[in-house]
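Going down the list, the sequences are from chains A and B.
To convert, note that position 6 of the first sequence is 6 in the working numbering; the numbers rise steadily by one, no gaps.
If you want the working numbering, it's the position in the second sequence, counting the first as 1, plus 1000.
Virtual Cβ for every residue (Gly too), placed ideally from N, Cα, C.
Small disclaimer: the values here were computed from a predicted structure and weren't measured.
Comments concern the structure below.
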Amino acid sequence: MSYSNVKIKVNGKVIEKEIESRWLLSDFLRDKLGLTGTHVGCEHGVCGACTVLLNGEPVRSCLMLAVQADGLEVETVESLAEEDGTFHPIQQAFANNHALQCGFCTPGFLMSVKNFMETHPDLPTDDEIREAISGNLCRCTGYSNIIKAVKEAYVLKC
Amino acid sequence: MKQFVGQNVKRKEDHRLLTGSGKFVADIRIENMVEAAILRSPYAHARIKNIDVSQAKNHEGVLDVIISDDLEGNVKPFTEFVEFTLPPQLEADIKPIIKQNPEPMLAQHKVTFVGQAVAIVLAEDRYIAEDALGLIKVSYEPLPVVTDPYETIKDDAPVIHPHLGNNIQSHFEVKVGNIDHAFSQANHILKTRIKTPRVSGNPLETRGVIAEYQERNQQLDVWSSTQVPFMVRSYLSKLVGLVEGNIRVVAPDVGGGFGPKCAVYPEEIIIPYLAMKYKRPVKWIEDRLEHMQSTRHSRDQVHDVEVAFRNDGTILGLKDQFLLDNGAHNSFALCCAYNSAAHLRGMYHIPNYDITGRIVLTNKTPNVPYRGAGRPEAVYVMDRIIYMIADKLNLDPVEVSMRNFVRPEQMPYETGIFYRDGANMVLENGDYVKSLQQAMKIAGYEEFRQQQEETRKNNKNIGIGFSSYIEGTGIGPFEGAAVKVDSTGHILVGVGSSPHGQSHETTLSQICADVFGVNPEQVSVRAGDTSLLPYGVGTFASRGAVTAGSAVHGASKQLREKFLLIAGEMLGVTIDELEMHSGKVYLKHSPSQFVTLQEIAQAAKPGPRCKVPKGIEPGASATYYFVPPTVTFSSGFHVAVVEVDKETGFVDILRYIVVHDCGRVINPKIVDGQIQGGVAQGIGGALYEEIIYDKNGQLVTGTYMDYLIPTAMEVPEVEMGHQEFLSPHNPIGIKGVGEGGAISPPAAIANAVCDAMRPLKIEINSLPISPNKLRSLIEEAENAESVLK
């Protein structure tokens, strides 16, 4: 078995660990760091539940090895709320609009939306939002409340 | 006083789920835990000649490898789930033949579908366990495979389970009126074959089981991503021979269920058994490929229908012979099949009715109920028939529906058959005519027809289609709730119904809060844990709000009565001088005198300071089991507006409208969310989703690259209208809403596509309406038309 040292900044904190080189980033975050907010839904890069931000860009953490994140910065859903539990505006907007039911896919949506809002600062159209979240599958909500939530998140962020 | 039922109370579940601090099964870790990986059959039908596990067992980090022989004598196979056996009066009426069809926990001597569990590796982590799977050597001798429901019933078909004699596992007949007479009176008889494909519920969280055994007190703790923890406990006890009271099954946060997690699975029995055997916690988390293969599928019916009707569109009688392809096993008796038979007539008054249902076995993954459970299939058949009658008579399909609706003045309407719970099936209330009118008003039906004419001139094909459904919701046999007030005055509610996105913590707290006159924040609801109550059922079949809601209401009222009695002792008055509101009990005539829930709860404790009246047990809790007399019928009317690209066969949903009646609405936002989410799944079934096996029984759609789940690009916002006919069958007037959204979309969308292509008269009698299928239909119709010319 081959092992590697990784040094990854996760949610603002530098982590250094020796791990098996074959470990997926998703498994590393969940099993080695206890950050179980990142969920694994399909393990073949379609459902988007495992989406995290890598140097600010959304990636499927189930399609990457942890060693590929060496020297980079990872943000997971655990980084969004304040330490006292106060929601990030995107989380608040999801709660306000009933944009989640079982909540399993939700962390992936939140991370995709965070990147989208950062790269599209102006209020988008519904179609632009649909496209932005089209890489995340949700089986409960039927998406329309998620679209409403994204629009509200823009308002809350102002 | 402010009532919380009926209001958009914010969800209590959201904070943890939005911050990543929820706990799903895969998130649980226990010290010293081993992880399991499962070797699954690559063959649809084969004899197992030999399994060599020696190399896998010796692999570093492997604890053991388990095959069927290792379970022999220790774990019994599944037979029929007793929860789904038929009540005697129904059995007497439909005279079913149901053959026992035991399913081994691990394949024994032979495999009967691709994905069937053959061996389990326990190892220090999942990576090592998967390494070892590759070292297990199984030699198979392939056997003839049968994947077609019509082939499987032929005399010369290979028999999958030889002890059954053939592949017809169940058979039943439902008859009302005089079908031959009806057919002899008809002006027209229409005959057709209508199919609904095999689909998969596909919750975003796969299945998973963790078990830990404590030898000290023989306690077995099991965490499972299930809709039915009490059923898992019961079968663990029965099949492994354990004291039921020593087993605790917890469904923690569950990432969607939709029906497939309503079954008890082999893994839910074996993983706990292995945790006991090896005295180490064991974890198994299903991956998506395993899920597509081995988590149960659904639907997969073929109906051969004949309908007799008059020149004006009045339906006189309907005959149907249908097959349900259940895959290799059926432990659910007639569940989906009888649901289809009972719901096929839907909102329509069809006095003569003759249906034969057969459940057949093939070399595919077994089927279970999935959102709608037999109803989307039935509704698809019925509403395609309405459109075909309209076509035949050159009438508007709205007209045909109107001619045949059960009318409000006929309510309560006796359907002449029994429901699955054994009670007479009666549509208790509702106004289907108004439902249709309301939906057509939202859709702007008249204007649409004009617009359709205009767009046709420009070579654009838009169409409108509708579908109606009724659904027996809130099925029994019971659901329970335990309500208690703790010494801080906080109210704790435990229920047997187990949520997976339905918002139990919020809606049930609204019901309880109203009874005590407190804010829902003062109420905590716990669910999904067999230690909360002695008995429970679960969340499926649109039953949560109806049954658990009524149980919470009943238990809250009982405790409220008890609290009034205690307050009377405390204040030295009789109960009729008291009133409870705002979390306090007041003297009616002197409202400055009161005792709080906290004070009453303390006065309820046993001991010298106890103020509980003599003859009543001390304590600040009440448990109540709600036993519904029968189901309650929700209903709805769906309208789809689509545009069809004739060149590509691509269907675009322009608008989607739902008018529904689910009785009393506890939380409008949550109800609307259920409808919207259900419609999204229905759109999947209409246009995209299909589990496909090739002729060798290989699963062709094993990933999300082949099994297409709708994304935000494909699902429009549903426009909704509401009706509120309160159910007489429970104290709050609730009817279930969980499945309704998913029942009608395939029929509404197929009808809309046919309507869009109307000049060509195409008939869409199978699903999904994929672009290639639709292109072929268009091409065939165009060729037929040119031949006629």
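Counting pairs of Cβ atoms below 8 Å between the stretch 1178-1197 of chain B and the stretch 1299-1309 of chain B, do you hit three or more?
-> yes
Compare the C-beta of Val-1228 (chain B) against all C-beta atoms of chain A and say whether one is closer than 8 Å.
-> Here residue 1228 (chain B) is taken as the residue at index 228 of the second sequence, counted from 1. Output row for Val-1228 (chain B): interface = no.
Residue-chain proximity (Pro-89 (chain A), chain B), Cβ-Cβ < 8 Å = Residue mapping note: residue 89 (chain A) aligns to position 89 of the first sequence, counting from 1. So no, Pro-89 (chain A) is outside the interface.
Beta-carbon contacts of Leu-1393 (chain B) that lie in its chain and below 6 Å, excluding the five residues immediately before and after = In the second sequence, residue 1393 (chain B) corresponds to position 393, counting from 1. These residues qualify, in order along the chain: Gly-1313.
Taking buried to mean at least 16 other C-beta atoms within 10 Å of its own C-beta, is Ser-1225 (chain B) buried or exposed?
-> Residue mapping note: residue 1225 (chain B) aligns to position 225 of the second sequence, counting from 1. Classification of Ser-1225 (chain B): buried, given that the 10 Å Cβ count is 16 or more.
From the DSSP output, which residues share a beta bridge with Tyr-1273 (chain B)?
-> Residue numbering aside, residue 1273 (chain B) sits at position 273 when the second sequence is read from its first letter. Tyr-1273 (chain B) is not bridged to any residue.
For the stretch 37-64 of chain A, enumerate the residues whose C-beta is nearer than 9 Å to any C-beta of chain B, in chain order.
-> Gly-37, Thr-38, His-39, Val-40, Gly-41, Cys-42, Glu-43, His-44, Gly-45, Val-46, Cys-47, Ala-49
Please state if the CB of Ser-1621 (chain B) and the CB of Val-1483 (chain B) are separated by a distance shorter than 8 Å.
-> Position 483 of the second sequence, counted from the start, is the residue given in the question as residue 1483 (chain B). Position 621 of the second sequence, counted from the start, is the residue given in the question as residue 1621 (chain B). Yes; because the gap between Cβ atoms is below 8 Å, this pair is in contact.
For Phe-1230 (chain B) and Gly-45 (chain A), the rounded distance between their alpha carbons = Walking along the first sequence from the start, residue 45 (chain A) turns up at place 45. Walking along the second sequence from the start, residue 1230 (chain B) turns up at place 230. Their Cα atoms are separated by approximately 34 Å.
Could you give the C-beta distance for Val-1679 (chain B) and Gly-142 (chain A), rounded to a whole number, given that I count them as a contact under 8 Å?
-> Position 679 of the second sequence, counted from the start, is the residue given in the question as residue 1679 (chain B). Position 142 of the first sequence, counted from the start, is the residue given in the question as residue 142 (chain A). About 6 Å; that satisfies the 8 Å criterion.
Starting from the beta carbon of Asn-115 (chain A), find every residue of chain B whose beta carbon is closer than 9 Å, and list them in chain order.
-> If you number the first sequence from 1, residue 115 (chain A) lands on position 115. Going along chain B, no residue has its Cβ under 9 Å from Asn-115 (chain A), so there is no contact; the nearest lies around 16 Å.
List, in order along the chain, the chain A residues whose C-beta lies closer than 7 Å to that of Ile-1670 (chain B)?
-> For the purposes of this step, residue 1670 (chain B) is identified with residue 670 of the second sequence, where counting begins at 1. Per Cβ cutoff of 7 Å: His-98.
How many Å lie between Ile-1194 (chain B) and Pro-1366 (chain B) at the Cα?
-> Counting from one through the second sequence, the residue named residue 1194 (chain B) turns up at place 194. Counting from one through the second sequence, the residue named residue 1366 (chain B) turns up at place 366. Cα to Cα, Ile-1194 (chain B) sits roughly 21 Å from Pro-1366 (chain B).
Check whether the Cβ of Ser-4 (chain A) lies closer than 8 Å to any Cβ atom in chain B.
-> As a first step, residue 4 (chain A) is located in the first sequence; it is residue number 4 there, counting from the start. Not one chain B Cβ lies under 8 Å of Ser-4 (chain A).
Closest to Thr-1632 (chain B) by CA distance: which of B:Ser-1509, B:Lys-1057, B:Leu-1323, B:Asp-1421 is it?
-> Translated into the one-based positions of the second sequence, residue 1632 (chain B) becomes position 632. If we check each option's Cα against that of Thr-1632 (chain B), B:Asp-1421 comes out closest.
Looking at the C-beta of Val-74 (chain A), does it have a partner C-beta in chain B at a distance below 8 Å?
-> Along the first sequence, one-based indexing puts residue 74 (chain A) at 74. So, not an interface residue.
8 Å Cβ cutoff met for Gly-1357 (chain B) and Phe-1322 (chain B) = Residue numbering aside, residue 1357 (chain B) sits at position 357 when the second sequence is read from its first letter. Residue numbering aside, residue 1322 (chain B) sits at position 322 when the second sequence is read from its first letter. Yes.
Contacts around Pro-1197 (chain B), its chain only, beta-carbon distance under 6 Å, and the 5 residues preceding and following it disregarded = The residue given as residue 1197 (chain B) occupies position 197 in the second sequence. Counting only Cβ-Cβ distances below 6 Å, and skipping sequence neighbours, we find Glu-1690, Leu-1767.
Beta-carbon separation of Cys-105 (chain A) and Asn-136 (chain A) under 8 Å?
-> Taking the first sequence and counting its residues from 1, one reaches residue 105 (chain A) at position 105. Taking the first sequence and counting its residues from 1, one reaches residue 136 (chain A) at position 136. Cβ distance < 8 Å, so Cys-105 (chain A) and Asn-136 (chain A) count as in contact.
With 16 other CB atoms within 10 Å as the buried threshold, where does Ser-1041 (chain B) fall?
-> In the second sequence, the residue the question calls residue 1041 (chain B) occupies position 41. Ser-1041 (chain B) is buried by the Cβ-count criterion.
Min CB distance Gly-12 (chain A) to chain B below 8 Å = In the first sequence, counting from the first residue as 1, residue 12 (chain A) sits at position 12. It does not; no Cβ of chain B falls within 8 Å.
Whose C-beta lies closer than 6 Å to the C-beta of His-1303 (chain B) among residues of the same chain, with five residues either side of it excluded?
-> Locating residue 1303 (chain B) in the second sequence gives position 303, counting from the first residue. Result list for His-1303 (chain B): Ile-1194, Asp-1320, Phe-1322, Val-1381, in chain order.
Residues from the stretch 130-150 of chain A in contact with chain B, defined by Cβ distance under 9 Å = Arg-130, Glu-131, Ala-132, Ile-133, Ser-134, Gly-135, Asn-136, Leu-137, Cys-138, Arg-139, Cys-140, Thr-141, Gly-142, Tyr-143, Ser-144, Asn-145, Ile-146, Ile-147, Lys-148
Does any C-beta atom of chain A lie closer than 8 Å to the C-beta of Ala-1680 (chain B)?
-> Reading the second sequence from its first residue, position 680 is the one you call residue 1680 (chain B). Ala-1680 (chain B) counts as touching chain A.
Chain B within 8 Å of Ala-93 (chain A), Cβ atoms only = As a position in the first sequence, residue 93 (chain A) is number 93, starting the count at 1. No - not a single Cβ of chain B is within 8 Å of the one on Ala-93 (chain A).
For Pro-1197 (chain B), which of helix, strand or coil comes out of DSSP?
-> As a working mapping, residue 1197 (chain B) is identified with position 197 in the second sequence. Reduced to three states, the DSSP call for Pro-1197 (chain B) is strand.
Local Cβ density within 10 Å of Thr-1152 (chain B), reported as buried at 16 or more and exposed below that | In the second sequence, the residue the question calls residue 1152 (chain B) occupies position 152. Buried.
Determine the closest residue to Lys-1261 (chain B) out of B:Leu-1587, B:Lys-1735, B:Ser-1498, with distance taken between C-alpha atoms.
-> Position 261 of the second sequence holds residue 1261 (chain B). Selected option, being the one with the closest Cα: B:Ser-1498.
Which residues, in order along the stretch 1002-1020 of chain B, keep a beta-carbon less than 9 Å from a beta-carbon of chain A?
-> Asn-1008, Lys-1010, Arg-1011, Glu-1013, Asp-1014, His-1015, Arg-1016, Leu-1017, Leu-1018, Thr-1019, Gly-1020
Nearest to Ala-1117 (chain B) by CA position, among B:Thr-1147, B:Ile-1270, B:Ile-1247, B:Val-1671, is which residue?
-> For this step, residue 1117 (chain B) is matched to residue 117 along the second sequence. Ranking the options by Cα distance to Ala-1117 (chain B), first place goes to B:Ile-1270.
Which word fits Leu-110 (chain A), buried or exposed, when buried means at least 16 other C-beta atoms lie within 10 angstroms of its C-beta?
-> Taking the first sequence and counting its residues from 1, one reaches residue 110 (chain A) at position 110. So Leu-110 (chain A) counts as buried.
Please report how far the alpha carbon of Leu-1431 (chain B) lies from the alpha carbon of Gly-1636 (chain B), in whole angstroms.
-> Reading the second sequence from its first residue, position 431 is the one you call residue 1431 (chain B). Reading the second sequence from its first residue, position 636 is the one you call residue 1636 (chain B). For the record, residue 1431 (chain B) in the displayed sequence is Asp; it is not Leu. Computed Cα separation, rounded: 10 Å.
Counting Cβ pairs closer than 8 Å, one from the stretch 1265-1281 of chain B and one from the stretch 1046-1066 of chain B, do we hit at least three?
-> yes
Return no unless some Cβ of chain B is closer than 8 Å to the Cβ of Glu-128 (chain A).
-> By 1-based counting over the first sequence, the position of residue 128 (chain A) is 128. No, because no Cβ of chain B sits closer than 8 Å to the Cβ of Glu-128 (chain A).
Among residues of its own chain, excluding the 5 on either side of Lys-1584 (chain B), which ones have a beta-carbon nearer than 6 Å to its beta-carbon?
-> Against the second sequence, residue 1584 (chain B) aligns to sequence position 584. Cβ neighbours of Lys-1584 (chain B) beyond the five flanking positions: Phe-1594, Thr-1596.
So which residues of chain A does Gly-1372 (chain B) contact, with C-beta pairs closer than 9 Å?
-> Locating residue 1372 (chain B) in the second sequence gives position 372, counting from the first residue. Near Gly-1372 (chain B) there are no residues of chain A at all, since even the closest Cβ is about 14 Å away, more than 9 Å.
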